[in-house]
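Worksheet: the structure to be examined is printed underneath.
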Amino acid sequence: MRSPGFCHARGRARGATLLEVALAMGVMAMCALGLMSTQLALARHAQSAAVRERAAFAADAIVESSTFTDGAAVDAWKARARTIVPDGLAAIPSQSVEVSIARVTWAFTGYAFASGAVVPPSNCNGAPVASGRDCVAITFAR
4 MRSPGFCHAR GRARGATLLE VALAMGVMAM CALGLMSTQL ALARHAQSAA VRERAAFAAD
64 AIVESSTFTD GAAVDAWKAR ARTIVPDGLA AIPSQSVEVS IARVTWAFTG YAFASGAVVP
124 PSNCNGAPVA SGRDCVAITF AR
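With the working numbering as the guide, the letters of the sequence shown map in order to residues 4 to 145.
Here is the structure:
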């Protein structure tokens, strides 16, 4: 026959086990939320990197066009920059005889962190950039 103290101790053990399971589920839920937050941040950074990569491609194409061909090819790449990056604008703002800069700007797609908003750069390779825009610039010799 079992003693009454044995049943009472077993009941406490069940309560402790339930508490341990609830605590483990809470820790797992917090880990899952952290993982989802990390995945979303990675997706945002990947999108930003892809836009910057396309802008660098367009700037490089403008450099190559201005080096080896006439102005029509440069104008064509400037027009393509509008479709390659969001609200893209391409220009060669400093056209000296020896050194020029091919610059592609686009609508800044930054996102806010908990500590504050991400601010786009105010200049691009020495050239000023309008507020709310990001840029890629390539300096080249003619």
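We treat Cβ as the ideally placed atom computed from N, Cα and C, and that holds for glycine.
What residue range is occupied by the uninterrupted alpha helix (DSSP H) comprising residue i?
i	result
Ile95	Careful: Ile95 lies outside any alpha helix (DSSP H) and carries neither H nor E.
Val88	Element bounds for Val88: n/a, residue is neither H nor E.
Apart from the five residues just before and just after residue i, which ones in its own chain have a Cβ nearer than 6 Å to its Cβ?
i	result
Ala94	Arg106
Asp146	The question about residue 146 has no answer here: the residues shown for the chain are numbered 4 through 145.
Ala84	Ala61, Gly91, Ala93 and Val107
Ile141	Ala62, Val66 and Ala105
Arg57	Ile87 and Val88
Val139	Ala58, Ala59, Ala62 and Val107
Terminal residues of the continuous beta strand (DSSP E) containing residue i?
i	result
Thr142	Arg136 to Ala144
Thr108	Val102 to Ala110
Taking 8 Å as the limit between beta carbons, can you name the residues of its chain near residue i, skipping five residues before and five after?
i	result
Phe116	In this predicted model, Phe116 has a pLDDT of only 46, less than 50, meaning its place in the structure is not dependable; the value taken from the coordinates is given anyway. Same-chain partners within the cutoff: there are none.
Ser126	Residue identity check: residue 126 is Asn in the sequence provided, not Ser. Only Val132 meet the Cβ criterion.
Val77	Ile65, Ser68, Ser69 and Ile95
Give the C-beta separation of residue i and residue j to the nearest angstrom, bearing in mind that I take them to be a contact with Cβ-Cβ under 8 Å.
i	j	result
Gly135	Phe111	5 Å
Arg146	Val100	The first residue shown for the chain is 4 and the last is 145, placing residue 146 beyond what the model contains.
Asp73	Trp109	Incorrect: roughly 26 Å between the Cβ atoms, too far for contact.
So, at 7 Å on beta carbons, what are the nonlocal neighbours of residue i in its own chain, with the 5 sequence-adjacent residues on each side left out?
i	result
Trp80	Ala61, Ala64, Ile65, Ser68 and Ala93
Val102	Thr142 and Ala144
Counting Cβ pairs, one atom from each stretch, are 3 or more of them under 8 Å apart for the region 45-61 and the region 18-25? The region 45-61 vs the region 18-25: no contact.
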